[in-house]
Amino acid sequence: VGAAVEEGDRGMAVALANELTPPIVQGLGIDANELREYTYAFVAAVARAAGEESAPVLQQVLPFMLASCESSDGVTSKSDGLADVLDAYEQEEEETDWSCSGAETSGGRMRVRTAFLDEKAAAVQSSSQCIEAAPASCAPAFARAVQCFEDLAEYFHDDVRIQVLYAFPRLIWAADRLGDADLLTGVGETAVRLVCAALENDRSSAVVLAACEVLPIGHCLHTES
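Counted from 1, the sequence shown has number 822 at position 224 by this note's numbering; the numbering is strictly sequential.
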């Protein structure tokens, strides 16, 4: 698939996708974060190489990607209030502990599997890449994707928030290719709002840098195309 992406060989990518779709879908049902993470990247590579011709695999895998975006299975909290979860965290070898402080959390703790966070970040990245590469094939899931990404804009882990910011320019281009003016306006307004919020409020320098990198979306929204 890497060779197909590099050389623009749609036929090879489509043939691989069609042949591997059944085992891909079967594998996504296994409780294995790493398998889902790498599968999502593979499917996104197929989409970039094959475009709309990758529809058969996208229509089956995209719902799994968005389910990973929505999932909280890898998070175990000993506290109901998570508003200040970003105040401190301590990373361990196999899993990550986030210590919370503040009035709402009262020193509660939250344990998160690192593999779960990697899967979620990959799901945001890969699903937005698929939508950009094949907007017509992914159109039925477009609204769900926008809502998923918007809900994750204030997620406690900065890697996920970064991928959300990078996702919105892809959604804007996809909406433009669909020729849906209302959808383009809605996605664009959401993107601008989230970017501005990140610039003003986010405490992660990496997230702020990502917001700066996607600032040109404002220019894109004002072009005739």
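From the three backbone atoms N, C-alpha and C, an ideal C-beta is built for every residue, glycine too.
C-alpha distance - residue i paired with residue j, whole-angstrom precision
i: Asn568; j: Asp774; result: In the structure as shown, the chain starts at 599 and stops at 823, and residue 568 therefore has no counterpart that could be examined.
i: Tyr764; j: Phe747; result: 10 Å
i: Ala739; j: Leu660; result: 8 Å
i: Ala731; j: Gly609; result: 16 Å
i: Arg709; j: Ala648; result: 39 Å
i: Asn832; j: Val644; result: No statement about residue 832 is possible, as the shown extent of the chain runs from 599 to 823 and does not include it.
i: Thr619; j: Ala611; result: 12 Å
i: Gly625; j: Gln658; result: 12 Å
i: Glu650; j: Leu782; result: 20 Å
i: Val641; j: Arg634; result: 10 Å
i: Glu702; j: Val806; result: The pLDDT assigned to Glu702 is 37, lower than 50, so where the model puts this residue is not dependable, and the model offers no usable value.
i: Phe754; j: Ala719; result: 12 Å
i: Val785; j: Val812; result: 14 Å
i: Leu680; j: Arg801; result: Caution applies to Leu680, whose pLDDT of 45 falls short of 50 and renders its modelled position unreliable; the model cannot decide the point.
Burial state of residue i, where buried means 16 or more other Cβ atoms lie within 10 Å
i: Ser735; result: buried
i: Ser666; result: buried
i: Pro767; result: buried
i: Ser670; result: exposed
i: Ser803; result: exposed
Element boundaries [alpha helix (DSSP H), containing residue i]
i: Gly786; result: 779-799
i: Ser669; result: Premise fails: Ser669 is in no alpha helix (DSSP H) and is neither H nor E.
i: Ala629; result: For clarity, residue 629 is Asp in the given sequence; the question names Ala instead. Note, Asp629: premise wrong, no alpha helix (DSSP H); not H, not E.
i: Ser802; result: No alpha helix (DSSP H) holds Ser802; DSSP gives it neither H nor E.
i: Leu769; result: 756-776
Candidates the options: closest to residue i by CA position
i: Pro621; options: Val655, Val793, Ala719; result: Val655
i: Gln723; options: Gly625, Glu811, Tyr638; result: Tyr638
i: Asp757; options: Leu797, Leu715, Arg801; result: Leu715
i: Ala561; options: Pro814, Ile729, Val673, Ala795; result: Nothing about residue 561 can be read from this structure; the chain reaches only from 599 to 823.
i: Gly777; options: Leu614, Pro733, Leu664, Ser725; result: Pro733
Minimum Cβ-Cβ distance from residue i to chain B less than 7 Å
i: Ala809; result: Any reference to chain B falls outside this structure, which holds one protein chain only.
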